[in-house]
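Student:
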Amino acid sequence: MSEYIVALTGASGAVYGIRLLRELLRREHTVHLVVSEAAYIVLGQEMDLHFERKPHLWREYLPGDLRVYSNKDIGARIASGSYITAGMIVIPCTMATISGLACGSSGNLTERAADVMMKEKRKLIVIPRETPLNSIHLKNMLALSEMGVHIIPAMPAFYHKPQSIEDMVDFIVSKALDALGIENSLYNRYSGQE
Ligand SMILES: Cc1cc2nc3c(=O)[nH]c(=O)nc-3n(C[C@H](O)[C@H](O)[C@H](O)COP(=O)(O)O)c2cc1C
357 MSEYIVALTG
367 ASGAVYGIRL
377 LRELLRREHT
387 VHLVVSEAAY
397 IVLGQEMDLH
407 FERKPHLWRE
417 YLPGDLRVYS
427 NKDIGARIAS
437 GSYITAGMIV
447 IPCTMATISG
457 LACGSSGNLT
467 ERAADVMMKE
477 KRKLIVIPRE
487 TPLNSIHLKN
497 MLALSEMGVH
507 IIPAMPAFYH
517 KPQSIEDMVD
527 FIVSKALDAL
537 GIENSLYNRY
547 SGQE
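Our numbering puts the first residue of the sequence shown at 357, with every later residue one more than the last.
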């Protein structure tokens, strides 16, 4: 089994992060979870989850090998390149965090752990969520893409004929798992015109 870092930031779409966490833990991977202060606000508003400073609630809600960190915990093991993981995913990812990653600020644990991924040439996947996008957002995403970061916008498709919000969420989570190299069949993949 592998170890992954998952960061939830304060963009709309907390459900994407929760769904990805369930999929990783169900496959018995170890997950190091970093949650920003803004992400806790969104988790409360969108999913009625009020888990700030309550790691035991996270572990009850998401069974498996889940280790929860504050975004301020800059001394955590995942802040160091000497701690090896199979990849990191920021889901959903705000434009604020995209900006921090693009300029290498390392001002909190999410930004530092992601910076480590980039400097060590490990897998880093971000799932940005904002609309419309301004030129700063676009330039920051281009800078990340040029450094090898996978950019998978939270942009659901309709060709697989989603029947529910869950189906639309699964489409994005499936793309994230694909980028991590984790086999999955969360949605009906396109198989050509009949
Ligand atoms: C309910 C709510 C929804 C938000 N949605 C978004 C969003 O979709 N995209 C985004 O870039 N910022 C969004 N924000 C703003 C970010 O949360 C804010 O910029 C925050 O400082 C980001 O911090 P973080 O990246 O450390 O989580 C939202 C804020 C709130 C309270």
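Note that the Cβ used here is the ideal one computed from N, Cα and C, for glycine as well.
In the DSSP assignment, find the alpha helix (DSSP H) that holds R423 and state where it starts and stops.
Tutor: Not the alpha helix (DSSP H): R423 falls in the beta strand (DSSP E), residues L422 to S426.
Student: By how many angstroms is the C-alpha of R409 removed from the C-alpha of I397?
Tutor: Near 13 Å, if we compare the C-alpha coordinates of R409 and I397.
Student: By how many angstroms is the C-alpha of S392 removed from the C-alpha of T365?
Tutor: Straight-line Cα distance between these residues: approximately 5 Å.
Student: In the structure shown, what three-state DSSP assignment does I483 receive?
Tutor: Here I483 sits in strand by DSSP.
Student: Does the Cβ-Cβ distance between L377 and V390 come in under 7 Å?
Tutor: No. Outside cutoff.
Student: I'd like the list of long-range same chain contacts for G369, defined as Cβ closer than 6 Å, with 5 residues on each side in sequence excluded.
Tutor: The answer, listed in chain order, is P448, R485 and A510.
Student: For V525, which residues from the same chain have a beta carbon less than 7 Å from its beta carbon, with the 5 sequence-adjacent residues on both sides left out?
Tutor: The answer, listed in chain order, is V371, Y372 and R375.
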